[in-house]
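No gaps in the numbering here: position 342 of the sequence shown is 347 in the working numbering, and each next residue is one more.
C-beta: ideal position from N, C-alpha, C; glycine also.
These notes concern the structure reproduced below.
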Amino acid sequence: MSTQKPIKLTGSRARPLTGLARVAGDKSISHRSVMLGAVAVGRTQVEGLLEGDDVLATAAACRLLGARVEQLGPGRWQIDGVGLGGLAAPDQVLDMGNSGTAARLLLGLLATHELSATMTGDASLVKRPMGRVIEPLSRMGAKFTARDGNKLPLTIEGAVLPVPLVYELPVASAQVKSAVLLAGLNAPGATSVIEREPTRDHTERMLGHFGADMRVEDIGNGKLQATVVGRPELIAPKDPIRVPADPSSAAFPCVAALLIEGSEIKLPDVGTNPRRTGLYETLREMGADLRFENEREEGGEPVADLVVRASELKAVDVPASRAPSMIDEYPILAVAAACARGTTTMRGLAELRVKESDRLAMIANGLAACGVRVESGDDWLSITGDGRPPAGGTTVATAFDHRIAMSFLVLGQVSAQPIAVDDAAAIATSFPDFVALMNRLGGSIS
Numbered sequence: 006m007s008t009q010k011p012i013k014l015t016g017s018r019a020r021p022l023t024g025l026a027r028v029a030g031d032k033s034i035s036h037r038s039v040m041l042g043a044v045a046v047g048r049t050q051v052e053g054l055l056e057g058d059d060v061l062a063t064a065a066a067c068r069l070l071g072a073r074v075e076q077l078g079p080g081r082w083q084i085d086g087v088g089l090g091g092l093a094a095p096d097q098v099l100d101m102g103n104s105g106t107a108a109r110l111l112l113g114l115l116a117t118h119e120l121s122a123t124m125t126g127d128a129s130l131v132k133r134p135m136g137r138v139i140e141p142l143s144r145m146g147a148k149f150t151a152r153d154g155n156k157l158p159l160t161i162e163g164a165v166l167p168v169p170l171v172y173e174l175p176v177a178s179a180q181v182k183s184a185v186l187l188a189g190l191n192a193p194g195a196t197s198v199i200e201r202e203p204t205r206d207h208t209e210r211m212l213g214h215f216g217a218d219m220r221v222e223d224i225g226n227g228k229l230q231a232t233v234v235g236r237p238e239l240i241a242p243k244d245p246i247r248v249p250a251d252p253s254s255a256a257f258p259c260v261a262a263l264l265i266e267g268s269e270i271k272l273p274d275v276g277t278n279p280r281r282t283g284l285y286e287t288l289r290e291m292g293a294d295l296r297f298e299n300e301r302e303e304g305g306e307p308v309a310d311l312v313v314r315a316s317e318l319k320a321v322d323v324p325a326s327r328a329p330s331m332i333d334e335y336p337i338l339a340v341a342a343a344c345a346r347g348t349t350t351m352r353g354l355a356e357l358r359v360k361e362s363d364r365l366a367m368i369a370n371g372l373a374a375c376g377v378r379v380e381s382g383d384d385w386l387s388i389t390g391d392g393r394p395p396a397g398g399t400t401v402a403t404a405f406d407h408r409i410a411m412s413f414l415v416l417g418q419v420s421a422q423p424i425a426v427d428d429a430a431a432i433a434t435s436f437p438d439f440v441a442l443m444n445r446l447g448g449s450i451s
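As C-alpha cells, then:
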C-alpha cells in the first residue's frame, strides 16, 4: 500500500480501439541503462527512457552514489559515469520506491564496492523478500543487516576483497541472475550464473553493449551459464541507447484491442526479446490476430511494430516452462482468459506470490468478484469463460499493484457493467501514460 491518497479509476464499455500509439519505454532496460551508465567511463545517452516512478528511483539512487544523471527532454537522458569501482557511499538512505528490480540489481552493483549504504522502499516493497539476492552476494563478500525475513530497510557493506562466484539459481529469476553478474563486474576473475530455464537476458545484452567480456554458453542438461569477467573498463556507448517500448506495457492495449469488437491498433517499437514474448505466443495459441511487422534490432535488442485486431479467443493450457518469459503478464492474460471460450489453466505461478502483491490471489479474487469462474492453488490458476465478457459491476482491490490495476481497468472496458479499482496510483511506477494512451485509442477509463 502507498501512503499517498488513493486514485480510484473506472473502466467502462469502450468503443472500438483504433490508431497508433507508442507505449512506455521498457522498464527492465531503462533500469539497466542508468545503472551501467553510472559505472561506465564517459557519457551514456539514453532515448526513450521510461520516466515512471520506478526508474526515477533508480536515477535518484545513482545520483546519490556519485553519478551525474540528467534529463534533457521527454525520454532523453544522459548519465556521466564514475567508472567501475568509483561509486561513493551515499550520504542518505537510498529509497527504491516500489521497485523490486531496482533494489535487487542495485544491491548486486553495490556488493563489490567498498562502501556502506542503507536501502528502503515504500510500504509494498518493504514486504518483499531480498534473501534470494542476499545469499549469493554474501558469498561474494558483502555483509547485510536487514529486518527479519531479509526485508528492507537493510544496510549493505560492500566487500573489501570481493570473491568471484559460480552460482546456480535455485529458482528462475532474472533479478537474481542480474544481481550476481553486476556484482561480478567489480570482482577479480570470472563470475558465472547457471540457470536451468532461460530468463530475460537484458543484463547480458547490455553488458556486452558497454564492452564487458560477457558470454553465455549452453552447458548441457538444458542449462545455460552466463559469465562475466570482472574488472573491465565499461565504456559509454558512442550512440544513444534507444529503449524499446515495453512488451509488458504493450500487453494492456493489446489485450484490450483483442477483446473490444471492431478494434485494430498498431503499437510501434515494441521489444521482441524472445525471453519476453511468452504472452504473445500464448495469445496466438488462443486465436489472437496479432503480428509483428518491421522487425529489426536497436541497441542490441530486437524490436518490431505490433499490429492487433479484435479476435474471438479460445482457452489454452499454459505450460509452467513459459512462466519466465511472461511472469509479469499473467494478470492481463487472466483477463483475456476470462473472455475466452473454455477453461484456461496456467501453471508455474509461484513467483506471483512475491510480486508487488500476492498477484495470484489478487487475480483470483478480482475475477471472482467480476463474476468469473476461477480456481487456484499454490502455483496454478484455472479460469473458465464462455466466450463473452463477464458481468463486472464491482470495485477491485489492487494492493498498490500497477499490473492488477491496469488489468481490471482493461476488463471493465468489455464487461457488462463497469469495473472500478480502489487505487490506481501505482500505475505511475511503470506506465504513467496508461490512461491517456488507452483513451486516445478509444478506450473509456475515468
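Can you tell me whether Q504 is buried or exposed, with buried defined as 16 or more other CB within 10 angstroms of its CB?
-> It is not possible to answer for residue 504, since the shown part of the chain is limited to 6 through 451.
Look at the alpha carbon of R133 and the alpha carbon of K148, and state the distance between them as a whole number of angstroms.
-> Answer to the nearest angstrom: the Cα atoms are 19 Å apart.
State the beta-bridge partners of I388 as determined by DSSP.
-> T349, V379
Would you list the one or two residues that DSSP bridges to K10?
-> DSSP output for K10 lists no bridge partner at all.
Pick from G417, A429, A261, D438: whose alpha carbon is nearest that of A402?
-> A429
Could you give the DSSP three-state label for I246: helix, strand or coil?
-> strand
According to DSSP, is Q97 helix, strand or coil?
-> Reduced to three states, the DSSP call for Q97 is coil.
Starting from K132, follow its DSSP beta bridges and name the residues at the other end.
-> Paired residues: none, contrary to the question.
If you check the beta carbons only, do A72 and M101 fall under 8 Å apart?
-> no
Helix, strand or coil for P307, going by three-state DSSP, please let me know.
-> strand
Taking only the alpha-carbon atoms, compute the straight-line gap between T208 and T23 and give it to the nearest angstrom.
-> 35 Å
In or out: S451 buried (at least 16 other Cβ within 10 Å) or exposed?
-> Classification for S451: exposed.
Go through its chain and collect everything with a Cβ distance to S121's Cβ below 6 Å, but skip five positions before and after it.
-> A94, E162
Nearest CA to the CA of L229: which residue from A177, G189, A217?
-> A177
Determine the extent of the alpha helix (DSSP H) in which Q180 is found, giving its start and end residues.
-> Counting along the chain, the unbroken alpha helix (DSSP H) around Q180 starts and ends at 179 to 189.
Simplified DSSP assignment, three categories, for L284 = helix
What residue from A195, A433, V233, K360 has the CA that sits closest to V131's CA?
-> It is K360 whose Cα lies nearest to the Cα of V131.
Residues of its chain near R280, where Cβ-Cβ distance is below 6 Å and the 5 sequence neighbours each way are ignored = P203, R205, D206, S330
Straight-line CA distance for A19 to R27?
-> 20 Å
Spatial distance of G86 from D294 (CA atoms) | 44 Å
Secondary structure at D206, three-state DSSP: helix, strand or coil?
-> coil
With C-beta atoms as the reference, is E269 less than 8 Å away from A262?
-> yes
Got a sec? Which residues, its chain only, sit under 7 Å from V415 by beta carbon, not counting five neighbours each side?
-> Around V415: G16, F257, V260, A261, I337, V340.
Going by the beta-carbon positions, is the gap between G390 and A421 smaller than 8 Å?
-> With a cutoff of 8 Å on beta-carbon distance, G390 and A421 are scored as not near each other.
Looking at A45 and I240, is the spacing between their C-beta atoms short of 8 Å?
-> It is a contact, given that the beta carbons lie within the stated cut-off.
For P258, does the three-state DSSP call read helix, strand or coil?
-> Three-state result, P258: helix.
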